[in-house]
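Colleague: These protein sequences, in sequence, are chains B and Y.
Here our numbering is used: the first residue of the first sequence is 120, the next is one more, and so on.
Here our numbering is used: the first residue of the second sequence is 703, the next is one more, and so on.
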Amino acid sequence: MISVELADILRSNRTDFNARFNEARRSYSGLNGEQFAVVLREMVDPLIVAVAELCPDCVAETTSVAYDVALELAGQNLVGPGGRNMAIDEGWRALLPSVARHLAAEPRRVLPAISNALHHLATTPGARPAEWARDLGRLAGLCGSADEFLRLGQAAAWRSGLAHYRTAALALFDSLPEQLSLALLEVSSPTSWKAVRLLLEQNRWYNPTTPECDQAVAGDQLRIVARVGAFRGFGGLFIEPPRVAVNGSSILVRSGPECWLLTADFFGATFHRCDPALFDASARQANLPPGLKIDGSTVRRNGITLNLDPLGMISSCAATVDTLALTSPLTHAVLLVALT
Amino acid sequence: MALFDAFKKVSQSPTNPHTPVAPRNFDVADLYQGPVTNNFAGATPGSQPLDEKLRQAYFWIVNTAVISPHYDIEYNDAPPQSYLLGDCKSRLTLPSAQSYSSFILLPLLTFATRRKCLFIGGPGRGKTASAILMGVLAGYKVRDVRRAMQHGHPQMTIADLLGNPLPADLVNAQRMEDIRISWRSWLGMRVKIIDEYNRIPTRTQSALLTVMGDNYAEILNHIYECPESAWFLTANDDQGGGTYQVIEALRDRIDVIVQALAFNPRFMDDLLLRIEENVRPEETMPSAIIFNEAEGDRMLEEIRAVEIVAPMRRRIEFFASQFEFCEVAAEQFEYKTKDTARLAGAERSAVTALETGRDRLKDLGCQSVNGLSVRVLMTLLTYAKALAWFRGNRSVELEDLRQVLPFVLHEKLLPDTDAPFFDIPANAMYRTDRVGWLRKLFDLSCAEYDRLNLDQDDPLAELDLEFRRGLDGVTEADARGRLARIERLIAEWSRGRKLYGHLYDDLLKLKYLHQRYTNYLRWLKTQ
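1) Given 8 Å as the limit, is there contact between the stretch 1098 to 1118 of chain Y and the stretch 1138 to 1149 of chain Y, that is, 3 or more CB pairs closer than that?
2) How about G788 of chain Y: is its C-beta nearer than 8 Å to some C-beta of chain B?
3) Excluding the 5 residues preceding and the 5 following A675 of chain Y in the sequence, name in chain order all residues of the same chain whose CB lies nearer than 6 Å to its CB.
4) Would you say E191 of chain B faces chain Y, with C-beta separation under 8 Å as the test?
5) For F1092 of chain Y versus L820 of chain Y, is the C-beta distance shorter than 8 Å?
6) Could you run through the stretch 389 to 422 of chain B and flag, in chain order, every residue whose CB is less than 7 Å away from some CB of chain Y?
7) By a C-beta neighbour count over all protein chains shown, 10 Å radius and 16 as the cutoff for buried, is A1046 of chain Y buried or exposed?
8) Please report the straight-line C-alpha distance between E995 of chain Y and N406 of chain B, rounded to a whole angstrom.
9) Under 9 Å between beta-carbons, which chain C residues line up against A288 of chain B? List them in chain order, please.
10) Cα separation between R247 of chain B and F761 of chain Y?
11) With a 10 Å radius around its C-beta and 16 neighbouring C-beta atoms as the bar for buried, classify R1184 of chain Y as buried or exposed.
12) Can you give the Cα-Cα distance for R1050 of chain Y and L963 of chain Y, rounded to whole angstroms?
13) Is it buried or exposed for I881 of chain Y, if we count other Cβ within 10 angstroms and need 16 for buried?
14) Would you kindly check if the distance between the Cβ of L839 of chain Y and the Cβ of F993 of chain Y is under 8 Å?
15) Taking its Cβ as the centre, do 16 or more other Cβ atoms sit within 10 Å of V1110 of chain Y, making it buried, or is it exposed?
16) Roughly how many angstroms lie between the CA atoms of L973 of chain Y and N137 of chain B, to the nearest whole one?
17) Under 8 Å Cβ-Cβ, which residues of chain Y neighbour N235 of chain B?
18) Report the option in Y:R1016, Y:E898, Y:A833, Y:A1032 whose CA atom is closest to the CA atom of R892 of chain Y.
19) Say whether the stretch 362 to 382 of chain B touches the stretch 422 to 439 of chain B, bearing in mind that this needs 3 or more beta-carbon pairs closer than 8 Å, one atom from each stretch.
20) For G748 of chain Y, which residues from the same chain have a beta carbon less than 6 Å from its beta carbon, with the 5 sequence-adjacent residues on both sides left out?
21) Would you list, in chain order, the members of the stretch 338 to 368 of chain B that have their beta-carbon closer than 8 Å to a beta-carbon of chain Y?
22) Can you tell me which of the three DSSP states K1211 of chain Y falls into?
23) Which of helix, strand or coil does DSSP assign to L95 of chain B?
24) Taking a Cβ distance cut-off of 9 Å, strictly less, list which residues of the stretch 963 to 990 of chain Y are near chain B, in chain order.
25) Leaving out the 5 sequence neighbours to the left and right, which residues in its chain are closer than 7 Å to R270 of chain B when beta-carbon positions are compared?
26) What are the residues that DSSP puts in a beta bridge with I370 of chain B?
27) Could you check how far apart the C-beta atoms of Y777 of chain Y and E1101 of chain Y are, in whole angstroms? I think they sit under 8 Å.
28) Under a CB-based cut-off of 8 Å, is R278 of chain B close to chain Y?
29) For D1061 of chain Y and Q1158 of chain Y, what's the separation of their Cα atoms in angstroms?
30) Given this structure, state the Cα-to-Cα distance separating G199 of chain B from A213 of chain B, to the nearest angstrom.
31) Go ahead and label I822 of chain Y buried or exposed: buried means 16 or more other beta carbons lie within 10 angstroms of its beta carbon, across all protein chains shown.
32) Would you say P747 of chain Y faces chain B, with C-beta separation under 8 Å as the test?
33) Can you give me the C-alpha to C-alpha distance between L1209 of chain Y and I1192 of chain Y, rounded to a whole angstrom?
34) Out of B:I423, B:A402, B:A457, B:D176, which has the shortest C-alpha to C-alpha gap to G410 of chain B?
35) By how many angstroms is the C-alpha of H221 of chain B removed from the C-alpha of G152 of chain B?
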């Protein structure tokens, strides 16, 4: 059963909605009427009910937009029974009813954006779409407009594991109200955004949810901050144990004939394909910064040692100013050690 | 309007993905782009690369507007699958890389480079529809594009084409300058369409030639300066089947010729959809693929900046030098060209009968009745750059040249079908397949270039490079040394070698260098 609100709108524009479905079916041969009915009932209906409570006049347009977006998603088999990825279904159900105010204000802008963002997060290994949806749902009420809400969503995507958006997200935080920025990052102690931003900029492994004094102690040690990547047979990227090289301020990873750029920070790590020739050129020039030494399976820096015996011999290493990446023939993961 | 609209769907970027050569800059706006159409997200206006935008326009036209299942511009990044079919062993190739339909791609490149494209082919094959799409792509309303389109007809006058003097001024004016002209609005547009241009009377064709060639129109001593624009002309038959013979100068102004290929009835369902949905693709063009004037300017600048590296340029030089040479046309070396024979009104067969010694099968020059003009070469370079740019490259590849060459030379390099090459049974179909012949010609030229090992061993290239460094500081002894090397090289080449087109041009270049050094030596003596 669907709600009265959605049923009324569908009934009043029945011919138009049917025509849209038929048109979509020409493009998406797999679009199935019964499955789409499930999408309408389980994904579209809850958000229409939420919008109807807040703004009854907005229901017609929101339904129209939601119907079209749902058609596109269902047509591409991204949602509904047997859909390729449950993250969008769950995101719609968990997030959209709680952001009904922004949805009702600008449905054509907000609904496609949220759907695409959920897809983006769901298809990026290591990203956390559920966390993103939770953060947005938690803070949507603090946003003054749909535009602010969407900027919050972009900033939150970085926090949910899209490390490659780090620079852009920091700039976005500047454009958000301070209270919103600090709340999104769940900053532990009372402080200003300016101060937090400085720490985030200076140290990509800075954790804003932990008191600064704890991190000062940790900064004097060599600590493993992440293990990223996995064997392709287990859903990862690598067909053989990878190797790393540094290119300027970037870490490159190679496995077999393929190569990726690795972006990583406290919130996550992402891989982006790049030209293997770039790796080969970078590997020839590899140099560790002064004071940093690798000896067998031990990392040494200024008298501090990090023993990595379980890894066996380290097969390659690459260091930027704040991160040391290590690989071993015994694992398909890249080990990241914080240098700051 | 429904958010979902199949006719407004633009292909998602990247349309021609390349392996990034360097770490990327990530744009957080990409977060809101994805499988759902989002007209609000993504790149800020003007920030999207223009080659990507043009590719999106290409895919929108190919997938939505013009039902064009032909992929005749083939690219491969791995050996392609190919099959021999039928009694004639016709080869069907399945390209391994992104390939294109010339009927859409060449007009788009013409749009981007603001040049002139002629659509040929039977009636009802989408020639005019494609031309209209180019007008809409430039930001004009469909209604305005249709109204501005010039339809060739036997009674078309210069006034019909360009405009009229105002009748009141004609009566009252004391001087020519006082007569005001009402210019036709199409003259000011950035996309100009002439439908069935071979039905325009000869006198009006001459007026059209001035606009096409020199970019201005003239009536009663009044001048209208036209903006730089892309031209699209159509003709049902470009072989003289129109109402009037097209004057040669006008024909020569056309940069590329594309043929509208036959409709494949297997795509009938797309036609049916248009009837049922009452859709006219030109009226549904998405705003995301429409180019404004500034973008057009920027696009042209970017295309001009595409590099043609020296080895690539050498192959074009080698190819171009095959065709003009005619050993028996004149006594003086410089005049040994097909043009000399043509200007003298000599019969082609009489001239070829005089030729002896050279292998007429091997000599590519024997396959054509003419050589290549400077205008054609400039067009070839421009379109090769445009194609490379369209594919997302910043340097022209050999395949770009090979693919674009037949469409540029289509009516510019004319085959001599009496040549022995066409008598070989396997080559007989090249008598009717102009595109295939031109591509074959380029392949043969490249094979000869490789056989002569000119990439590695080109003595003229060394002398040329030396000269290009300038004459400042070159001593008399150096200059004499270089002169001696030039003379030695000519003497070496003169020993028993047959004279072919490429060698002829090399010898003329050596003569040029010799003359420059001789003059330099004379000048040195006065210092």
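The beta-carbon is built from N, C-alpha and C at its ideal position, and this holds for glycine as well.
Modeller: According to the structure data:
1) yes
2) Translated into positions along the second sequence, residue 788 of chain Y becomes position 86. Taking Cβ atoms only, chain B never reaches closer than 8 Å to G788 of chain Y, which makes this a no.
3) One cannot answer for residue 675 of chain Y here, as it falls past the ends of chain Y, which runs 703 to 1229.
4) What you label residue 191 of chain B is simply residue 72 of the first sequence in a count that begins at 1. At least one chain Y Cβ lies under 8 Å of E191 of chain B.
5) Along the second sequence, read from residue 1 onward, the residue named residue 1092 of chain Y stands at position 390. Along the second sequence, read from residue 1 onward, the residue named residue 820 of chain Y stands at position 118. No. Outside cutoff.
6) H391, R392, C393, D394, L397
7) For the purposes of this step, residue 1046 of chain Y is taken as the residue at position 344 of the second sequence. Looking at its Cβ environment, which holds fewer than 16 other Cβ atoms inside 10 Å, A1046 of chain Y is exposed.
8) By 1-based counting over the second sequence, the position of residue 995 of chain Y is 293. By 1-based counting over the first sequence, the position of residue 406 of chain B is 287. Rounded to the nearest angstrom, the two C-alpha atoms are 49 Å apart.
9) This model lacks chain C altogether, as its protein chains are B and Y.
10) Here residue 247 of chain B refers to the residue found at position 128 of the first sequence. Here residue 761 of chain Y refers to the residue found at position 59 of the second sequence. Approximately 34 Å, taken between the alpha carbons.
11) To locate residue 1184 of chain Y, count along the second sequence from 1; it is residue 482. Under this definition R1184 of chain Y is a buried residue.
12) Taking the first residue of the second sequence as 1, we reach residue 1050 of chain Y at position 348. Taking the first residue of the second sequence as 1, we reach residue 963 of chain Y at position 261. Distance between the alpha carbons of R1050 of chain Y and L963 of chain Y: 33 Å.
13) By one-based count along the second sequence, residue 881 of chain Y stands at place 179. I881 of chain Y should be labelled buried.
14) Position 291 of the second sequence, counting from 1, holds the residue named residue 993 of chain Y. Position 137 of the second sequence, counting from 1, holds the residue named residue 839 of chain Y. Yes, these two residues count as a Cβ contact at 8 Å.
15) Counted from its first residue, the second sequence places residue 1110 of chain Y at position 408. Per the 10 Å Cβ criterion, buried.
16) Taking the second sequence and counting its residues from 1, one reaches residue 973 of chain Y at position 271. Taking the first sequence and counting its residues from 1, one reaches residue 137 of chain B at position 18. Their backbone Cα atoms lie some 21 Å apart in a straight line.
17) Stepping through the first sequence from its first residue, residue 235 of chain B is reached at position 116. Per Cβ cutoff of 8 Å: L733, Y734, Q735, G736, P737, V738, N740, A743.
18) Along the second sequence, one-based indexing puts residue 892 of chain Y at 190. Nearest of Y:R1016, Y:E898, Y:A833, Y:A1032 to R892 of chain Y, Cα basis: Y:A833.
19) yes
20) Working through the second sequence from its first residue, we reach residue 748 of chain Y at position 46. Summary for G748 of chain Y: the model assigns pLDDT 49, below 50, so the residue's position carries little reliability, and this model does not support an answer.
21) N366, G367
22) Working through the second sequence from its first residue, we reach residue 1211 of chain Y at position 509. Three-state DSSP puts K1211 of chain Y in a helix.
23) Here chain B covers residues 120 to 459 and nothing more, so residue 95 of chain B does not appear.
24) D971, L975, E979
25) What you label residue 270 of chain B is simply residue 151 of the first sequence in a count that begins at 1. Excluding positions up to five away in sequence, the list reads L291, S294, L295.
26) Counting from one through the first sequence, the residue named residue 370 of chain B turns up at place 251. Looking at the DSSP assignment, I370 of chain B forms a beta bridge with B:V365, B:L381.
27) Within the second sequence, numbered from 1, the residue matching residue 777 of chain Y stands at position 75. Within the second sequence, numbered from 1, the residue matching residue 1101 of chain Y stands at position 399. Sure, about 6 Å apart at Cβ, within 8 Å.
28) Reading the first sequence from its first residue, position 159 is the one you call residue 278 of chain B. Answer no: the Cβ-Cβ gap between R278 of chain B and chain Y never drops below 8 Å.
29) Sequence index remark: in the second sequence, residue 1061 of chain Y carries index 359 (1-based). Sequence index remark: in the second sequence, residue 1158 of chain Y carries index 456 (1-based). So the two alpha carbons sit approximately 25 Å from each other.
30) Position 80 of the first sequence, counting from 1, holds the residue named residue 199 of chain B. Position 94 of the first sequence, counting from 1, holds the residue named residue 213 of chain B. G199 of chain B and A213 of chain B: Cα-Cα distance of roughly 15 Å.
31) Locating residue 822 of chain Y in the second sequence gives position 120, where the first residue counts as 1. By the 10 Å Cβ count, I822 of chain Y comes out buried.
32) Position 45 of the second sequence holds residue 747 of chain Y. Confidence at P747 of chain Y is low in this model, with a pLDDT of 47, below 50, so the placement of that residue is unreliable and no value is reported for it.
33) For the purposes of this step, residue 1209 of chain Y is taken as the residue at position 507 of the second sequence. For the purposes of this step, residue 1192 of chain Y is taken as the residue at position 490 of the second sequence. Distance between the alpha carbons of L1209 of chain Y and I1192 of chain Y is about 7 Å.
34) The sequence position of residue 410 of chain B within the first sequence is 291, counting from 1. The residue with the shortest Cα to Cα distance from G410 of chain B is B:I423.
35) If you number the first sequence from 1, residue 152 of chain B lands on position 33. If you number the first sequence from 1, residue 221 of chain B lands on position 102. Those two C-alpha atoms are separated by around 29 Å.
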